[in-house]
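Residue numbers (the working numbering): 58 to 244.
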């Protein structure tokens, strides 16, 4: 069963994730399978592309985020350190940092290509959605009906927004505004 799908920034590829522990990359022009992403040991819950489309991240109940070359299916790395299922992940604009959230209640900031990991915030509950500002300086993480806006360098909480159940997050390019879709309302 498919759990999620995400389109590449150039619109050529679609990555689907599945309960069978795999991701699959599809060519949207031909409809054909490009490659399988095999390496997770449990359900794969979602995927995200880097802004330039050169890397795709998948996350799983196996407590990891895995990075892949999307057209070759080659594993580029595994980010392990969460204590429970990973619930979301996103790249910063440069593609050199990944923000992940987990059912363990923590948000982690990874510098995957030089193996640096930092606990960004202990949020006291399982985060559901995470996003970076385009400049990478601000991160927003949704836990239940609250969004925490964080300084991505220090983890310091800049703001806390009570919104109702959060369905989506977007941060303005300069990090000065956060748009939250919560049910039928936008805050």
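Each residue gets a CB set at the ideal place from its N, CA and C atoms; glycine is no exception. The structure displayed is predicted, hence computed values, not measured ones.
- prompt: Within the chosen definition, does the stretch 73–85 reach the stretch 113–128 through at least 3 CB pairs nearer than 8 Å?
  reply: yes
- prompt: Thinking just about the alpha-carbon of each residue, which of 192, 130, 211, 225 is nearest to the one in residue 198?
  reply: Of the candidates 192, 130, 211, 225, the residue whose Cα lies closest to the Cα of residue 198 is 225.
field: Sequence-distant residues of its chain with Cβ nearer than 6 Å to residue 65 (five each side left out)
entry: 106, 110
message: Can you find the residues in the same chain that come closer than 8 Å, C-beta to C-beta, to residue 98, ignoring five residues on each side of it along the sequence?
response: 78, 117, 119
- request: Using three-state DSSP, classify residue 80 as helix, strand or coil.
  value: strand
field: Length of the line joining the Cα atoms of residue 60 and residue 71
entry: If you draw a straight line from the Cα of residue 60 to the Cα of residue 71, it comes to about 13 Å.
query: From this set, 215, 229, 103, which residue's C-alpha is nearest residue 63's C-alpha?
result: 103
message: Only counting the same chain, and skipping five residues up and downstream in sequence, which positions put a Cβ closer than 6 Å to that of residue 242?
response: Confidence at residue 242 is low in this model, with a pLDDT of 49, below 50, so the placement of that residue should be treated as unreliable; the coordinate-derived value is given next. For residue 242, where only same-chain residues beyond five positions count, there are no Cβ hits under 6 Å.
message: I believe residue 147 touches residue 189 by the beta-carbon criterion, under 8 Å. Please report the beta-carbon distance rounded to the nearest angstrom.
response: 6 Å
task: Give every residue of the same chain whose Cβ lies closer than 7 Å to the Cβ of residue 193, excluding the five residues on either side of it in the sequence, and list them in chain order.
output: So the list reads 149, 150, 151, 154, 209, once near-sequence residues are dropped.
- prompt: To the nearest angstrom, how far is it from the Cα of residue 165 to the Cα of residue 144?
  reply: Between residue 165 and residue 144, the C-alpha separation is close to 12 Å.
Buried versus exposed call for residue 159 [16 or more other C-beta atoms within 10 Å across all chains shown]: buried
query: Relative to the alpha-carbon of residue 233, which residue among 191, 203, 223 has its alpha-carbon at the smallest distance?
result: 191
- request: State the DSSP-derived secondary structure class of residue 129, mapped to helix, strand or coil.
  value: coil
- prompt: Nearest to residue 115 by CA position, among 212, 200, 183, 73, is which residue?
  reply: Residue nearest to residue 115 within the set 212, 200, 183, 73 is 73 (criterion: CA-CA distance).
message: Let's see if you can read the secondary structure: which residues bound the beta strand (DSSP E) around residue 208?
response: 203–208
task: Buried or exposed for residue 220, please, with buried defined as at least 16 other CB atoms from any protein chain shown within 10 angstroms of its CB.
output: Here residue 220 is buried, its C-beta having at least 16 other C-beta atoms within 10 Å.
- request: Name the one or two DSSP bridge partners that residue 121 has.
  value: 137
- request: Hey, could you find the ends of the beta strand (DSSP E) residue 104 is sitting in?
  value: 101–106
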